[in-house]
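Below: one structure, written as structure tokens.
Residue numbers (full-length UniProt numbering): 1 to 504.
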């Protein structure tokens, strides 16, 4: 069978198999009520919904806590009650991202190796990963990021090989999409903004380097430019996303006060934590095999210029270690010597494309397919013997810590009898998503003057108030001594420290 025909045939099977895996995983996750296990998943879903269902609807509801692309894609479905209530508005985006990620990882491995069997085996390292399979059933943003990484990496490899302008533009489009999905994409942009001009200069001189720099700066950096302009236009500060009260920086400062940023300023510990998260997400055998084979792959690369692609694919490894070191990210792993636990452990999944690529290329260059199959089978068996995937366990752990959102939302959905509800979406998005009431029934941070007026005089504006009393959320801190609250409201339901008040 001619190589192009075999390539296309295997690619079709990869696509079919990936779709079957994706849908099957979603059915299981949905039936077990795991789709919204992460509170952040509910937040992403609600951000999209608020654009059309809100006291003050509009694109300004996209806000600045998270980058906009995932929510804009969810908005395609989130306007519909069925897709919002079932969370399918977010799941569809993640599932399509999973399929794109696996497909373009296969295309990348095949392009570099010209070996469909090795590309298939390398891709299965990704497609059969139970943590990725679970995460792609949820409205989380990591699957979309991985899809943009795989897309941009494939077209980067094509551009390095054939020097076609169209492939550079598609690389930039992928990076732009990544930069509008998660801040990991900003790091990829910076990495390529350095590597591509250097590569252009070394291969074709200064003029080539300048052309590459300008084109990639415009296309790849356009998303970052738009985000800065958005923050300036909506919040009056282009860096509001970085310095605002709901920014990652503000959240990490809170975590630091309670001793939950152990990796900040400690590079060895940041490396250890992140490598443990890689092991927990991708498997010990997978990581060791990839690490052992990395130098072999580099030495065997037929076109050494493709080192640019290898470095780009490895960029999430560097980014996440640096984010932990500089205190811009928080993580906890079960192997920690002190206060072991689970928190943001899913970040270790972001190196999965690089592991799949390296393992696939090992198979292609060494032709030790049997060894690859054995490693893949052993790791898969170990994964499924362990039971609950660590990414799901992390979500369940977080849900246990905020179970009041589940209990209180169930009560509200059964007992609500009309009127506006004052609550903080910054703290209780999951509560709102699980209650299933229209978003226009809530006064929250995104309702502007309704929010400020209701905090000053809740008795005049709202029928219900839902607050966390300890540690106190922003609503409770604003109203607990307010006479308009103390005289007009009585507690009608309480679970743990979460209380729902009703107007007398």
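Beta carbons: idealized from backbone N, C-alpha and C, even for Gly. On a predicted model such as this, the values are computed, not experimentally measured, just so you know.
Measuring alpha carbon to alpha carbon, tell me which residue in 385, 360, 318 is nearest residue 562.
There is simply no residue 562 to check, as the chain begins at 1 and stops at 504 in what is shown.
Could you tell me the distance, in whole angstroms, from the CA atom of residue 143 to the CA atom of residue 21?
To locate residue 143, count along the chain shown from 1; it is residue 143. To locate residue 21, count along the chain shown from 1; it is residue 21. Looking at the two C-alpha atoms, the distance is approximately 15 Å.
For residue 503, the first and last residue of its enclosing beta strand (DSSP E)
Within the chain shown, numbered from 1, the residue matching residue 503 stands at position 503. Taken as a continuous stretch (DSSP letters only), the beta strand (DSSP E) holding residue 503 covers 498-503.
Rounded to the nearest angstrom, what separates residue 48 and residue 390 at their Cα positions?
Taking the first residue of the chain shown as 1, we reach residue 48 at position 48. Taking the first residue of the chain shown as 1, we reach residue 390 at position 390. Looking at the two C-alpha atoms, the distance is approximately 27 Å.
Buried or exposed by the 16-neighbour rule on C-beta atoms within 10 Å, applied to residue 50
Residue mapping note: residue 50 aligns to position 50 of the chain shown, counting from 1. So residue 50 counts as buried.
Between the Cα of residue 472 and the Cα atoms of 499, 104, 376, 26, which residue gives the shortest distance?
As a working mapping, residue 472 is identified with position 472 in the chain shown. Ranking 499, 104, 376, 26 by Cα distance to residue 472 puts 499 first.
Does the structure place the region 112-129 close enough to the region 163-181 that three or more beta carbon pairs sit under 8 Å?
Counting Cβ pairs under 8 Å, fewer than three are found: no touch.
Using the Cα positions of residue 276 and residue 79, report the straight-line distance between them to the nearest angstrom.
Numbered from 1 along the chain shown, position 276 holds the residue referred to as residue 276. Numbered from 1 along the chain shown, position 79 holds the residue referred to as residue 79. Cα to Cα, residue 276 sits roughly 40 Å from residue 79.
Beta carbon of residue 180, beta carbon of residue 67: below 8 Å?
As a working mapping, residue 180 is identified with position 180 in the chain shown. As a working mapping, residue 67 is identified with position 67 in the chain shown. Yes, the pair counts as a contact, with Cβ atoms nearer than the cut-off.
Can you give the Cα-Cα distance for residue 217 and residue 32, rounded to whole angstroms?
Counted from its first residue, the chain shown places residue 217 at position 217. Counted from its first residue, the chain shown places residue 32 at position 32. When rounded, the distance between both Cα atoms is 45 Å.
Within 10 angstroms of its Cβ, does residue 107 collect 16 or more other Cβ (buried), or is it exposed?
Locating residue 107 in the chain shown gives position 107, counting from the first residue. With 16 or more Cβ atoms within 10 Å of its Cβ, residue 107 is classed as buried.
By the three-class DSSP mapping on this structure, what secondary structure does residue 389 have?
Along the chain shown, read from residue 1 onward, the residue named residue 389 stands at position 389. It is coil, neither helix nor strand.
Kindly identify the DSSP beta-bridge partner or partners of residue 332.
Here residue 332 corresponds to residue number 332 of the chain shown, with the count starting at 1. Answer is 343.
Assuming residue 414 and residue 463 are in contact, meaning their beta carbons sit under 8 Å apart, how far apart are those beta carbons, in whole angstroms?
Locating residue 414 in the chain shown gives position 414, where the first residue counts as 1. Locating residue 463 in the chain shown gives position 463, where the first residue counts as 1. Between residue 463 and residue 414 the Cβ distance is about 16 Å, and since that is not below 8 Å, they are no contact.
Three-state class that DSSP yields for residue 462 in the structure shown
Counting from one through the chain shown, the residue named residue 462 turns up at place 462. Residue 462: coil per DSSP, three-state reduction.
Mind the definition here: the region 417-434 touches the region 363-375 only if three or more C-beta pairs lie below 8 Å; say whether that holds.
no
Please go through the same chain and pick out, in chain order, the residues whose beta-carbon is closer than 6 Å to the beta-carbon of residue 450, but skip the five residues on each side of it.
Working through the chain shown from its first residue, we reach residue 450 at position 450. Closer than 6 Å at Cβ, skipping near neighbours: 55, 443.
Does DSSP put residue 94 in a helix, in a strand, or in coil?
Counting from one through the chain shown, the residue named residue 94 turns up at place 94. Here residue 94 sits in helix by DSSP.
Within the continuous alpha helix (DSSP H) that includes residue 235, where are the two ends?
What you label residue 235 is simply residue 235 of the chain shown in a count that begins at 1. From DSSP, the alpha helix (DSSP H) with residue 235 extends over 222-235.
Rounded to a whole number of angstroms, what is the C-alpha to C-alpha distance between residue 310 and residue 199?
Numbered from 1 along the chain shown, position 310 holds the residue referred to as residue 310. Numbered from 1 along the chain shown, position 199 holds the residue referred to as residue 199. Residue 310 and residue 199 have their C-alpha atoms roughly 13 Å apart.
Starting from the Cα of residue 117, find the closest Cα among 461, 185, 446, 13 and give me that residue.
Looking up residue 117 in the chain shown gives position 117. Considering only alpha carbons, the answer is 13.
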